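This report concerns only the one structure given below.
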Amino acid sequence: MRNQSIPADCRKTTSMNPVITSIYTADPSAHVWEDGRVYIYASHDVDPARGCDLMDRYHVFSSGDMVNWRDEGEILGSEDVKWGRPEGGFMWAPDCAYKNGTYYFYYPHPSGSDWNSTWKIGVATSPEPARGFTDQGYIQGLGGFAMIDPAVFVDEDGRAYMYYGGGGTCAAGELNEDMMSIKGSMKEMEGLEDFHEAAWAFKRNGVYYLTYADNLEDNNRMRYATSDHPLGPWTYRGIFLEPTGCSTTHGSVAEFKGQWYLFYHNQELSGEGTLRSVCIDELHFNEDGTIRTVVQTREGVKPVGEAPLPNPEMKSYEAADSEAGGGAVMEASGDGRTVAAGLDAADAYCRFHAVDGGAKGGRAEIRLQYAAAEPLAKLRLTVNGKDYSLLNAPSTGGNTAFTGCTGLTVQLEPGSGNLITWTGGKGDIRISGMTVSPLD
Numbered sequence: 036m037r038n039q040s041i042p043a044d045c046r047k048t049t050s051m052n053p054v055i056t057s058i059y060t061a062d063p064s065a066h067v068w069e070d071g072r073v074y075i076y077a078s079h080d081v082d083p084a085r086g087c088d089l090m091d092r093y094h095v096f097s098s099g100d101m102v103n104w105r106d107e108g109e110i111l112g113s114e115d116v117k118w119g120r121p122e123g124g125f126m127w128a129p130d131c132a133y134k135n136g137t138y139y140f141y142y143p144h145p146s147g148s149d150w151n152s153t154w155k156i157g158v159a160t161s162p163e164p165a166r167g168f169t170d171q172g173y174i175q176g177l178g179g180f181a182m183i184d185p186a187v188f189v190d191e192d193g194r195a196y197m198y199y200g201g202g203g204t205c206a207a208g209e210l211n212e213d214m215m216s217i218k219g220s221m222k223e224m225e226g227l228e229d230f231h232e233a234a235w236a237f238k239r240n241g242v243y244y245l246t247y248a249d250n251l252e253d254n255n256r257m258r259y260a261t262s263d264h265p266l267g268p269w270t271y272r273g274i275f276l277e278p279t280g281c282s283t284t285h286g287s288v289a290e291f292k293g294q295w296y297l298f299y300h301n302q303e304l305s306g307e308g309t310l311r312s313v314c315i316d317e318l319h320f321n322e323d324g325t326i327r328t329v330v331q332t333r334e335g336v337k338p339v340g341e342a343p344l345p346n347p348e349m350k351s352y353e354a355a356d357s358e359a360g361g362g363a364v365m366e367a368s369g370d371g372r373t374v375a376a377g378l379d380a381a382d383a384y385c386r387f388h389a390v391d392g393g394a395k396g397g398r399a400e401i402r403l404q405y406a407a408a409e410p411l412a413k414l415r416l417t418v419n420g421k422d423y424s425l426l427n428a429p430s431t432g433g434n435t436a437f438t439g440c441t442g443l444t445v446q447l448e449p450g451s452g453n454l455i456t457w458t459g460g461k462g463d464i465r466i467s468g469m470t471v472s473p474l475d
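Residues 36 to 475 in this note's numbering are what the sequence shown lists, from first letter to last.
And the structure:
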């Protein structure tokens, strides 16, 4: 183990699309909070997928420059929802709002096994934007058949409005001061054309915008409408995001450091519509306030600030100091390093012992450095016996090109007794090392 700055292969000059590749994320809701960072609250397509019913374990991602994104870790899963369906899963598109010192995380989740007729809008709260959330139950009177995708807009006067819907119906209403109940009743939004789901509201130059997904079969697009009031009536304006190659579409709009952005998803990484990935591109307006069609790019967006400084508490672990087993072996690489190879075998693993969780333990961002020749290899991450996820390892162009970087934020125990295992069997990948950066 040795101290090390942020590996160069974990840095990017543009955000790239997809911007988050380690795990599959979709339905991004982006917000800029008082700390000056932009946060993405996304749904999580658990891999391997089984339709859309295994979506679970919400993660939050944050950035200070739109390019270097930090996984803040898991904030809520179906096992944390006592009122939810007993089978779990079905943690679909979420949103977050801030008011009076509290962050409110809104998410759709069924309360019964008959999932599509028992939707509720759950609420979890925290004094911090990306950890410490506790479920508070659900909003009374909301939900039912296909009523999903909550989005909350807090206006300049402090009044908050909730939008949600599916199956062709979009409803909205004002939230009470408690941010967990509706003032009066919800009403159907008028003036929208071909509404399907994925409502999102924002305000620019005194004009309210409502964006949403349409019903184009297997190629949903994003449309929008405008109004002079947060609850409409709305004037339909057109399509501003063409199909992304994914059967679904869902996005959010946010301004960060003077530039507007569209956050959305596609399936470029997986090729599967139920294993999606978050993307970001610039959003531009015409002089009359209408939105120009968003240009979908591979390079994503440019940085709008300085890259993050190295974490002084980051520690590096070399593959040479790990244990290989189950068919995995240690071998010399072309540059003289010892790396873990043979991880394409079904039970092959690379295990790091005595990983330091610090004096108090807590959240730590685990980043793996690797080489992979094939388009997409995968490894399963297990920490202290807990199965966290399959992690993606996109190709680096060759099995001696150790420029890959993948990882996840996990919980570590205090002290140096943590055990981290990377299990293969899903592609030829070689590991050169791992870094651990405490976040708390």
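Built from N, CA and C at the ideal position, the CB exists for glycine as well.
Computed from a predicted structure; not experimentally measured.
Query	Result
Between the stretch 203-218 and the stretch 177-190, do three or more beta carbon pairs fall short of 8 Å?	yes
Per the DSSP calculation, Phe96 is bridged to which residue(s)?	Ile75, Asp106
Can you tell which of Glu277, Arg239, Leu304 has the C-alpha that lies nearest to the C-alpha of Gly293?	Arg239
Quick one, which of Cys131, Ile401, Lys47 has its alpha-carbon nearest Ile75's?	Cys131
Go through its chain and collect everything with a Cβ distance to Gly392's Cβ below 7 Å, but skip five positions before and after it.	Ala399, Leu447, Glu448, Pro449, Gly450, Asn453
For Phe125, which residues in the same chain have their Cβ closer than 7 Å to its Cβ, ignoring the five residues on either side in sequence?	Asp88, Met90, His144, Pro145, Trp150
Under 8 Å between the Cβ atoms of Ile55 and Val313?	yes
Return the residue from the list Glu358, Pro129, Val471, Ser97 that minimises the CA-CA distance to Asn112.	Rather than Asn, the amino acid found at residue 112 in this sequence is Gly. Comparing Cα positions, the closest option is Pro129.
Assuming the contact rule is C-beta atoms closer than 8 Å, Leu245 and Ala236 should be a hit. Round their C-beta distance to whole Å, please.	5 Å
Answer with buried or exposed for Gly99, where buried requires no fewer than 16 other C-beta atoms within 10 angstroms of its C-beta.	buried
Opposite Gly200 in the DSSP bridges: which residues?	Cys205
Leu344: buried (16+ other C-beta within 10 angstroms of its C-beta) or exposed?	exposed
Go ahead and pull the three-state DSSP assignment for Ala355.	helix
How would you call Val19, buried or exposed, if buried means at least 16 neighbouring beta carbons within 10 angstroms?	Shown here, the chain extends from 36 to 475; a query on residue 19 therefore has no answer.
May I ask you to report which of helix, strand or coil DSSP gives Asn419?	coil
In chain order, what residues of the same chain have a beta carbon less than 6 Å from the beta carbon of Ser161, not counting five sequence neighbours either side?	Tyr138, Gly167, Phe168
So is the beta-carbon of Leu416 under 7 Å away from any non-hydrogen atom of the ligand SAH?	Although the ligand SAH was asked about, the structure shown includes no ligands whatsoever.
Ignore the nearest five residues each way along the sequence and tell me which others in Ile58's own chain have a CB closer than 6 Å to its CB.	Ser424
Decide if the stretch 309-326 is in contact with the stretch 362-376; the criterion is three or more beta carbon pairs, one per stretch, under 8 Å apart.	no
Have a look at the DSSP bridge pairing and note the partners of Arg465.	Ala406
In terms of alpha-carbon separation, which member of Gly119, Thr48, Ile466 lies closest to Gly377?	Ile466
On a CA-only basis, which of Ser97, Met221, Ala61 is nearest Ala342? Give me that one, please.	Ser97
According to DSSP, simplified to helix, strand and coil, what is Glu114?	helix
Please state if the CB of Ser50 and the CB of Val116 are separated by a distance shorter than 8 Å.	no
Looking at the secondary structure, which residues open and close the beta strand (DSSP E) in which Leu318 lies?	Counting along the chain, Leu318 falls outside any beta strand (DSSP E), and DSSP gives it neither H nor E.
Can the beta-carbon of Ser282 be found closer than 8 Å to that of Gly308?	yes
So is Gln404 buried or exposed if we call it buried at 16+ other beta carbons inside 10 Å?	buried
Taking the runs of the beta strand (DSSP E) that are 3 residues or longer, which of them lie wholly in the stretch 346-395?	350-353, 358-360, 364-367, 373-376, 384-390
Along the chain, where does the beta strand (DSSP E) that runs through Asn52 open and close?	Where Asn52 is concerned, there is no enclosing beta strand (DSSP E), given that its DSSP letter is neither H nor E.
Kindly provide the ranges of any beta strand (DSSP E) runs that are 3 or more residues long and lie completely inside the stretch 218-250, ordered along the chain.	232-239, 242-248
Rounded to the nearest angstrom, what separates Gly324 and Glu109 at their Cα positions?	37 Å
At 3 residues or longer, what runs of the beta strand (DSSP E) sit wholly inside the stretch 135-169?	137-145, 154-161
Would DSSP call Met257 helix, strand or coil?	strand
May I ask which residues mark the beginning and end of the beta strand (DSSP E) holding Phe437?	From DSSP, Phe437 is part of no beta strand (DSSP E); its letter is neither H nor E.
Lys413: buried (16+ other C-beta within 10 angstroms of its C-beta) or exposed?	buried
Would you call Glu107 buried or exposed, if buried means 16 or more other Cβ atoms sit within 10 Å of its Cβ?	buried
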